[in-house]
Structures are given as structure tokens and as C-alpha cells.
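**Q** Numbering (the numbering used here), first residue to last: 1 to 231.
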Ligand code: HEM
């Protein structure tokens, strides 16, 4: 283990989490009205519909996979009846599909941003940084899933990456578990921290603005046009 491992697998994650949490508080207090996805749908909607749907559905599938494979320990998935074989099947087939769908969506979104000059002009330096990080992250994750786990020699990341990741939240990081992981897993696991650090300062804050209140309020309030006219 080197000092570089301590930096990557201990200092970087905690520094990013502090920025992530503090940054959101700062952004909410300073820029409540700028808390949006800054949608460019009004400028172009056909590519957006394809790119955005593919990217978001693929990412949701991948996130579900991360919950099962990284957040939940092996013994718990086995206890609820998901055998090691079933887990590897889920991770290889639906995992690869989710990764490829997410990658296809991201490629369309990036192509759209560069192809339409009006959208290109609205793209900020932070947007570009987010796209670069997402492209690296999704590309490496999909590569690992398809070429290492589905069609390659395989790598048991549940006994290294996953244990290290959960350890961060128990304040018991074990950087030695990451120090020997294959490079593609190391890169895919280090890059998210840069994304989390940028998150509160970018358009990604829209992720926390799902209009969940509508789920518990199954009606829409309309204002009568007549009432407005009379007034
Ligand atoms: C520190 C946080 C993260 C860890 C520890 C992590 C870990 C992993 C691992 C181990 C794999 C490979 C699975 C395999 O080989 O079968 C993977 C795949 C993948 N990751 Fe991550 N990941 C993290 C964050 C992210 C983020 C923020 C994204 C953004 C969308 C992402 C997107 C993906 C995708 C698209 C795949 C391929 C599809 C899949 O297997 O679900 N990951 N990740």
C-alpha cells in the first residue's frame, strides 16, 4: 500500500462527501431559483427524448444493480434467496444491458450537445466536466461488466470494492482492498468522487427535485378561467 492508495481510497471519498453535503446546503441557500436541470428541450426535443430516456433508464438499472451488488453484503443476498450463481447471472445479463443502454443514451446526449449550435452555446464548463466524468464512469463500468464479468475471466468485486465502499460509511475504510483491484475497477471507483464533488455546483441537483408530492396527491388543482376573467 502506498500513500497514493490512502489518498484515493480514504482522503478523496471523505473530501468529496464533505463537498457534496456542504455544497448542496450552500447551493440551496444561495441559488434556490437556479436549482433546475436547465432543460434545453425547447431548442430540440427528438434527440433529447431518445438520449435522455435511454440514459436515465439505463442509469436507473445500473443503480439498482449497484444496490444489490455493492450496498447489500453477499450473506444478505444469499439469505433472501439470491444464490451466487443467480447474482452473477443478474449482474452479467441485465447489468450489461443497463450499461449499454446508459452508454447509448449518453452518446446521443453528447452528440446532441455538440451538433446543435444553440445548445452548444448554452453549455458551460461545469456541464462539460460532468459529461467527461459521466462518459468515463459509464464507459468503464460498462466495460467491466461486459468484458470482464460477462465475457471475460471475471472479478469478484463483492469481496473487495463492495466491502471497501461500505466500510467508508462505518468509518472503517480498508484501502488495502482497493489497492490490488484491477485498474478498470479502480478507475470506475475513483472517478465517482470527482462527480460527487461537482454535483451540487452542476445541473445534477435536479435529481433531488422529483415531484414526489404528486404521488400522494392524486388530483390537479385548476384555477377557473372564469374567475380570472371576472376579477
Ligand atoms: C463509488 C461508487 C461506485 C462504485 C463502488 C461502483 C462499482 C461498480 C462495479 C464494481 C461495477 C462492475 C460490475 C461488474 O463488473 O459486473 C460497476 C458497473 C457500472 N457502474 Fe458503477 N460504481 C460506482 C458509481 C457509479 C456511478 C455514480 C455511476 C453513474 C451512472 C455508475 C455506473 C455504472 C454502470 C453504467 C455500470 C455498468 C452496468 C452495471 O453493471 O450496472 N457507477 N460499478
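Cβ coordinates follow ideal geometry from the N, Cα and C atoms, glycine included.
Is it right to say residue 234 is buried, meaning 16 or more other beta carbons lie within 10 angstroms of its own, or is it exposed?
**A** Look at the range of the chain in this structure, 1 to 231, and you will see that residue 234 is not part of it.
**Q** On the DSSP letters alone, give me the boundaries of the alpha helix (DSSP H) that residue 178 sits inside.
**A** 175 to 179
**Q** For a test of your reading of the model: does the CB of residue 175 fall under 7 Å from any non-hydrogen atom of ligand 1? Yes or no.
**A** In this structure, residue 175 has its beta carbon at no less than 7 Å from each heavy atom of ligand 1.
**Q** Does any heavy atom of ligand 1 sit closer than 7 Å to the C-beta of residue 149?
**A** yes
**Q** If I'm right that residue 184 touches residue 148 with Cβ under 8 Å, what's the distance once you round it to whole angstroms?
**A** 7 Å
**Q** Counting along the chain, where does the alpha helix (DSSP H) carrying residue 133 start and finish?
**A** Segment 125 to 143, the alpha helix (DSSP H) holding residue 133.
**Q** Which value, in whole angstroms, describes the spacing of the CA atoms of residue 36 and residue 169?
**A** 29 Å
**Q** Span of the alpha helix (DSSP H) holding residue 22?
**A** Its alpha helix (DSSP H) spans residues 12 to 30.
**Q** What whole-angstrom Cβ distance do residue 135 and residue 198 have, given they're in contact under 8 Å?
**A** Here residue 135 is actually not in contact with residue 198; their C-beta atoms are around 14 Å apart, not less than 8 Å.
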